[in-house]
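I have placed the structure first, in the form of structure tokens, so that the comments after it can refer back to it.
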Amino acid sequence: MSKKLEKLRWRAEDRIYRKDEWVRQDTDELLGLEQKLNEMELSEKDRKVVDDYTACMESKQDRMGYLLYEAGMKDARRKMRIRKAVCRISFAAAVAAILVIWHEKTLDKLQEILHMLHWEMDEDEQE
């Protein structure tokens, strides 16, 4: 991920942490649990297992969040392309309808002109 995108992601995360009550509550609980964990008399080996487990969980959640974000963006881009294609098709259909109407009116005018010319030619022949 580019540094710019990563900064945007961190900013978005910060906004979520500040605004979402559940996230704030979970953060407070995590801090409390971390404090309780630090107060426990664990061996260095046990502490390493807990730390590794926690790091693995965080890494998995971060990766999953990123992949879900990417999937959502892909869906959004696909929907935007579909919407744009529908707009283009609608525009093309409208232009085609206008051209058909214009063509029919032009043909009607030409037929009127031809009819008038034939009528004039018929009058000239009769004289």
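Residue 45 in UniProt numbering is what sits at position 45 of the sequence shown, and the numbering runs on without skipping anything. The C-beta atom is built at its ideal place from N, Cα and C for all residues, glycine as well.
Residue i versus residue j - alpha carbon distance
i: ALA97; j: GLU104; result: 11 Å
i: LYS74; j: VAL86; result: 18 Å
i: ASP14; j: LYS79; result: 28 Å
i: ALA71; j: ARG47; result: 36 Å
i: LEU33; j: GLU44; result: 18 Å
i: LYS19; j: PHE91; result: 42 Å
i: ILE113; j: TRP119; result: 10 Å
i: LEU67; j: MET57; result: 15 Å
Supposed close pair residue i, residue j - CB separation, criterion 8 Å
i: ARG24; j: TYR17; result: 7 Å
Closest by C-alpha distance to residue i, when choosing among the options
i: GLU6; options: VAL50, TYR53, ILE101, TYR69; result: TYR69
Proximity below 8 Å, CB of residue i to CB of residue j
i: VAL50; j: LEU37; result: yes
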